[in-house]
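**Student:**
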Amino acid sequence: MAVDIIPVETLTEEQATAELQRLAAEIAHHDALYHGKDKPEISDAEYDALKRRNDAIEAQFPQLVRTDSPSQRVGAAPAGIFAQVTHARPMLSLDNTFSDEDVQDFVASVYRFLGQMPDNSIAFTAEPKIDGLSMSLRYENRRLVTAATRGDGTTGENVTANILTIKDIPTELPGDAPDVVEVRGEVYMAKSDFMALNAQMEAEGKQTYVNPRNTASGSLRQLDAKVTASRNLRFFAYAWGEMSQMPAETQWGMVKVFEAWGFPVNPLTRRLTSIESILDHYREIGLQRPDLDYDIDGVVYKVDRLDLQARLGFRSRSPRWATAHKFPAEQAFTTVETIDIQVGRTGALTPVARLTPITVGGVVVTNATLHNEDYIKGIGNSGDRIRPEAHDIRIGDTVIVQRAGDVIPQVLDVVLEKRPPTAAPYVFPKTCPVCGSHAVREKNEKTGKLDSVTRCTGGFVCRAQAVEHIKHFVSRNAFDIEGLGTKQVDFFFESDDPALMIRTAPDIFTLKARQDRSLTKLENIEGFGRVSVRKLFDAIDARREIALNRFIFALGIRHVGETTAKLLARSYGSYAVFSEAMQTAAPKFGEAWNELNSIEGIGEVVAASIVEFFKEPRNLEVVQRLLDEVKPLDAEAPVASDSPVAGKTVVFTGSLERFTRDEAKARAEGLGAKVAGSVSKKTDYVVAGPGAGSKLDKARELGVNVMTEDEWLTLIGG
Ligand code: IVH
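With UniProt numbering as the guide, the letters of the sequence shown map in order to residues 1 to 718.
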């Protein structure tokens, strides 16, 4: 290993940056070999030379010191601080399926999307879903350079030094591997290792760990790689990120390649075609589950052919070509101590059962949602009975609770024999427990049936709605203001001091100015220190410019989730255009209303709710105050701007023959086009298949460019 010979004094900033990056990876690599695995590759003297070189460059260029620098790792650096890594390809999650029918639906949807008859010709892989932590391992020129956790899917934490201690993970790939390889999979702790560790903790009189998954996560997020090394973590490879070249054409082939490169792959992986064989394998894995030396929580099915995976593509957060078939949730018995009512952002009254604490599948459960009034009575959404014999739930009842993964625990059933004679049916409140306003169940206009949700009619006077609104506003997918968590929002909301209170979202952005003018100083209040106050103000200031979709989502308009907010941002481009259109739109009438409804993915209920929001003067006033403080950025130009259809609006009509409607839509959107459901003056292209009717007529009438499917395919490049 040659230490670079350019004298430090003559290094350019660019050279220094590159070298510090290389040294960080290289020293981490040797650290790991030394502490964790096998034998060191270099002598102590050579190792010291690398460290000295790193220190010398840092002394010359202090502005270039990396957060993952070896100089930052020595001594007692604070735990949990890792450098951020932006994933070259996002790390997505999987949709869940729970029943055989769900799996049949999934398979059918794959065939439907691809426009094929369900004839068992499409192969799927089926493999255990490992209950660990997902990890992305990046190799450049066949050497492990970065290991990153999933994080929020876009950015994760750089845990390279720790990953290097895991024996299952090769630090180098064979010569036939491409130049850039990202192998993804699951880091986990074996059940046997977990039990041995806990036995040791117990023998030493220390507190034991809760479950292998959390222990694996804790062991990995250690600044001292020696701790990670002592925990014997393991790895299974099952997916990939960026690849400079694809070494196989199928999922199965990729897994085989990973195996050949030295990664452990799961031996229960199968390649199957019929639904029956897939479900058989699921049951087989379920039978083996107790005997496996690792925790699993389901079986993952993936379309095998990678070209089909590419055609199927992704929804916002998960691929269309895969699903996780979860094992039935774990259950336990406990009692309902009381029933509380929580009031949400949109005024929904949600009953919550407070339970005698009970461990379900390794986690202590104290609350379970009871959803709504009907659910407590034992009536489902469509008036059906949801519990055998339609038992209602009463305070004092012994109940069966169920916990599935991260989902909020549910009360499944009541043990009638154990019901105390004094237990009376629960009477659902008719008024909001927070503001005292009437609470009502609205009537659904279309069906004439009562809505299942009871809603507080207090609106802005209801403190619960107001405070929940602020919590939504600062949440991760909205303004994402670090340092303003639930506790802090409650504190600022409750405060009566003009220099501290936050009653509506815009107040967040005037907090600092009010503080500056006042004698009450946040930093003197318990729970806030000088550093945290500065960080909070920095975090607030960092959001004075914000992506349009986040801004729209943060407004908390009923029925407008993240996906709808993205659609709106993309369709209208700027806040001014969006708000102007919404204020001119009248329900079920006029150009602005039609345009809103023509956005594919926005239905009438959602559209009506948005228009309703903009009719309320109080909303407009709050938004105006917000706009005085923050600037929503215009929506970014669609990706793939080199495509001739990027930014154009297209309508597909008639029966398509070359692709299914879903595929046509996904493909067009992938190229940056907007797909609309109806033809208007703003439509750029109408792609008409056989049997096209009124939309085609309208296009002709408006002089919109009409083309056949083949012409469209030529336009988008095949
Ligand atoms: S595939 C694009 N396969 O489950 C899909 N994921 O809910 C990439 N997981 O974050 C994931 N075992 O951590 C896949 N055999 C398996 C898995 C698996 C566990 C985890 C993974 C992911 C989560 C998705």
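Yeah, the Cβ is synthetic: ideal placement off N, Cα and C, and Gly gets one too.
This one's a predicted model, so the numbers in the text were calculated from it and none came from an experiment.
What are the complete alpha helix (DSSP H) segments, minimum 4 residues, inside the region 532-594?
**Tutor:** With a minimum length of 4 residues, the continuous alpha helix (DSSP H) runs that stay inside the region 532-594 are 548-554, 562-572, 575-584.
**Student:** If you count every other CB in all the chains shown that lies within 10 Å of the CB of V474, and 16 or more means buried, which is it?
**Tutor:** Taking the sequence shown and counting its residues from 1, the one referred to as residue 474 is at position 474. By the 10 Å Cβ count, V474 comes out buried.
**Student:** Return yes when the C-beta of S134 is under 8 Å from any heavy atom of the ligand IVH, and no when it is not.
**Tutor:** On the sequence shown, position 134 is the one that residue 134 refers to. Indeed, a heavy atom of the ligand IVH lies less than 8 Å from the Cβ.
**Student:** Return the chain-ordered list of same chain residues with a C-beta closer than 7 Å to the C-beta of F460, the five sequence neighbours on each side being excluded.
**Tutor:** Against the sequence shown, residue 460 aligns to sequence position 460. Around F460: A466, R618.
**Student:** Could you check if F589 is buried or exposed, using at least 16 other CB atoms within 10 Å of its CB as the buried criterion?
**Tutor:** Position 589 of the sequence shown, counted from the first residue, corresponds to residue 589. Answer is exposed; the Cβ neighbour count stays below 16.
**Student:** Just tell me which of D634, A635, L626, I716 has its CA closest to the CA of K665.
**Tutor:** Counting from 1 along the sequence shown, the entry for residue 665 is found at position 665. Looking at the Cα atoms, I716 is the closest of the given residues.
**Student:** Can you check DSSP and say which residues form a bridge with P632?
**Tutor:** Locating residue 632 in the sequence shown gives position 632, where the first residue counts as 1. The partner list for P632 (beta bridge, DSSP) reads I546.
**Student:** If you draw a straight line from the C-alpha of D451 to the C-alpha of H469, how long is it?
**Tutor:** To locate residue 451, count along the sequence shown from 1; it is residue 451. To locate residue 469, count along the sequence shown from 1; it is residue 469. So the alpha carbons of these two residues sit roughly 22 Å apart.
**Student:** Spatial neighbours of N162 within its chain, please: CB distance less than 7 Å, with the 5 preceding and 5 following residues excluded, ordered by chain position.
**Tutor:** Taking the sequence shown and counting its residues from 1, the one referred to as residue 162 is at position 162. Taken in chain order, the residues that qualify are L220, Q222, A225, T228.
**Student:** What does the alpha-carbon distance come out to for the pair V336 and V210?
**Tutor:** By one-based count along the sequence shown, residue 336 stands at place 336. By one-based count along the sequence shown, residue 210 stands at place 210. Whole-angstrom Cα-Cα distance: 25 Å.
**Student:** So, do the region 669-677 and the region 586-600 have three or more beta carbon pairs nearer to each other than 8 Å?
**Tutor:** With a cut-off of 8 Å, the region 586-600 and the region 669-677 count as touching, because enough Cβ pairs lie within range.
**Student:** Beta carbon of R150: closer than 8 Å to some heavy atom of the ligand IVH?
**Tutor:** Translated into positions along the sequence shown, residue 150 becomes position 150. Checking every heavy atom of the ligand IVH against the Cβ of R150, one is found closer than 8 Å.
**Student:** Output the residue ranges of the alpha helix (DSSP H) runs that lie fully inside the region 364-444 and measure 4 residues or longer, sorted by chain position.
**Tutor:** Listed in chain order, they are 373-377.
**Student:** If I follow the unbroken alpha helix (DSSP H) through Y209, where does it start and stop?
**Tutor:** Taking the first residue of the sequence shown as 1, we reach residue 209 at position 209. Note, Y209: premise wrong, no alpha helix (DSSP H); not H, not E.
**Student:** Can you name, in chain order, every residue of its own chain whose Cβ lies under 8 Å from the Cβ of H472, other than the five neighbours on each side?
**Tutor:** Counted from its first residue, the sequence shown places residue 472 at position 472. Correct list, in chain order: R345, A478, A554, G556.
**Student:** Quick check on the DSSP output: the alpha helix (DSSP H) that includes W712 runs from which residue to which?
**Tutor:** Within the sequence shown, residue 712 is the residue found at index 712, counting from 1. It spans 709-716 - the alpha helix (DSSP H) in which W712 sits, taken as one unbroken run.
**Student:** Which term fits M246, buried or exposed, when burial requires 16 or more other beta carbons within 10 angstroms of its beta carbon?
**Tutor:** On the sequence shown, position 246 is the one that residue 246 refers to. It counts as exposed.
**Student:** Whole angstroms is fine: what's the gap from R22's alpha carbon to P70's?
**Tutor:** Numbered from its first residue, the sequence shown carries residue 22 at position 22. Numbered from its first residue, the sequence shown carries residue 70 at position 70. About 11 Å.
**Student:** Return yes when the C-beta of L137 is under 8 Å from any heavy atom of the ligand IVH, and no when it is not.
**Tutor:** The residue you call residue 137 lines up with position 137 of the sequence shown. It does not: the Cβ of L137 is nowhere closer than 8 Å to a heavy atom of the ligand IVH.
**Student:** Residue range of the beta strand (DSSP E) that W240 falls in?
**Tutor:** Position 240 of the sequence shown, counted from the first residue, corresponds to residue 240. Start and end: 234-243.
**Student:** Which partner residues of F124 appear in the DSSP bridge assignment?
**Tutor:** Here residue 124 refers to the residue found at position 124 when the sequence shown is read from its first residue. L272, V303, per the DSSP bridge assignment.
**Student:** Below 8 Å on the Cβ atoms is my guess for L412 versus V401; work out the distance and round it to an integer in Å.
**Tutor:** Taking the sequence shown and counting its residues from 1, the one referred to as residue 412 is at position 412. Taking the sequence shown and counting its residues from 1, the one referred to as residue 401 is at position 401. That pair is a contact at about 7 Å.
**Student:** Grab the span of the alpha helix (DSSP H) containing I602 for me, first residue to last.
**Tutor:** Stepping through the sequence shown from its first residue, residue 602 is reached at position 602. Careful: I602 lies outside any alpha helix (DSSP H) and carries neither H nor E.
**Student:** Does DSSP put E526 in a helix, in a strand, or in coil?
**Tutor:** Taking the first residue of the sequence shown as 1, we reach residue 526 at position 526. If DSSP states are grouped into helix, strand and coil, E526 belongs with coil.
**Student:** Specify whether the region 91-100 and the region 57-64 touch according to this definition: at least 3 beta carbon pairs, one from each stretch, less than 8 Å apart.
**Tutor:** The region 91-100, when compared against the region 57-64, does not touch it at the 8 Å Cβ threshold.
**Student:** Taking the alpha-carbon positions, what's the V630 to P498 distance?
**Tutor:** If you number the sequence shown from 1, residue 630 lands on position 630. If you number the sequence shown from 1, residue 498 lands on position 498. About 21 Å.
**Student:** With a threshold of 8 Å, establish whether the CB of D131 neighbours any heavy atom of the ligand IVH.
**Tutor:** The residue labelled residue 131 in the question sits at position 131 within the sequence shown. Yes; taking the cut-off as 8 Å, the Cβ of D131 has a heavy atom of the ligand IVH nearer than that.
**Student:** Between the region 122-139 and the region 298-307, are three or more C-beta pairs nearer than 8 Å?
**Tutor:** At 8 Å Cβ cutoff, the stretches touch.
**Student:** Sort D662, G672, T660 by Cα distance to V645 and report the nearest one.
**Tutor:** As a position in the sequence shown, residue 645 is number 645, starting the count at 1. Residue G672 is the option with its Cα nearest to V645.
**Student:** Can you tell me whether D628 is buried or exposed, with buried defined as 16 or more other CB within 10 angstroms of its CB?
**Tutor:** Locating residue 628 in the sequence shown gives position 628, where the first residue counts as 1. Per the 10 Å Cβ criterion, exposed.
**Student:** Taking only the alpha-carbon atoms, compute the straight-line gap between P118 and T398 and give it to the nearest angstrom.
**Tutor:** Here residue 118 is taken as the residue at index 118 of the sequence shown, counted from 1. Here residue 398 is taken as the residue at index 398 of the sequence shown, counted from 1. Their Cα atoms are separated by approximately 46 Å.
**Student:** At a cut of 8 Å, does the region 131-138 reach the region 170-187 through at least three beta carbon pairs?
**Tutor:** Cβ pair count under 8 Å is three or more, so yes.
**Student:** Measuring CA to CA, which of Q410, D642, F113 is closest to Q331?
**Tutor:** Taking the sequence shown and counting its residues from 1, one reaches residue 331 at position 331. Checked all of Q410, D642, F113; the closest Cα to Q331 is Q410.
**Student:** Under a Cβ-count criterion, where at least 16 other Cβ atoms within 10 Å of its own Cβ denotes burial, should I408 be classed as buried or exposed?
**Tutor:** To locate residue 408, count along the sequence shown from 1; it is residue 408. The residue in question, I408, is exposed, as its Cβ has fewer than 16 Cβ neighbours within 10 Å.
**Student:** Please report the Cβ distance between R320 and T338, rounded to the nearest whole angstrom; I am assuming they are in contact, meaning their Cβ atoms lie under 8 Å.
**Tutor:** Translated into the one-based positions of the sequence shown, residue 320 becomes position 320. Translated into the one-based positions of the sequence shown, residue 338 becomes position 338. Incorrect: roughly 43 Å between the Cβ atoms, too far for contact.
**Student:** Exposed or buried, what is S571 when buried is set at 16 or more other beta-carbons lying within 10 Å of its beta-carbon?
**Tutor:** Here residue 571 corresponds to residue number 571 of the sequence shown, with the count starting at 1. Burial call: buried.
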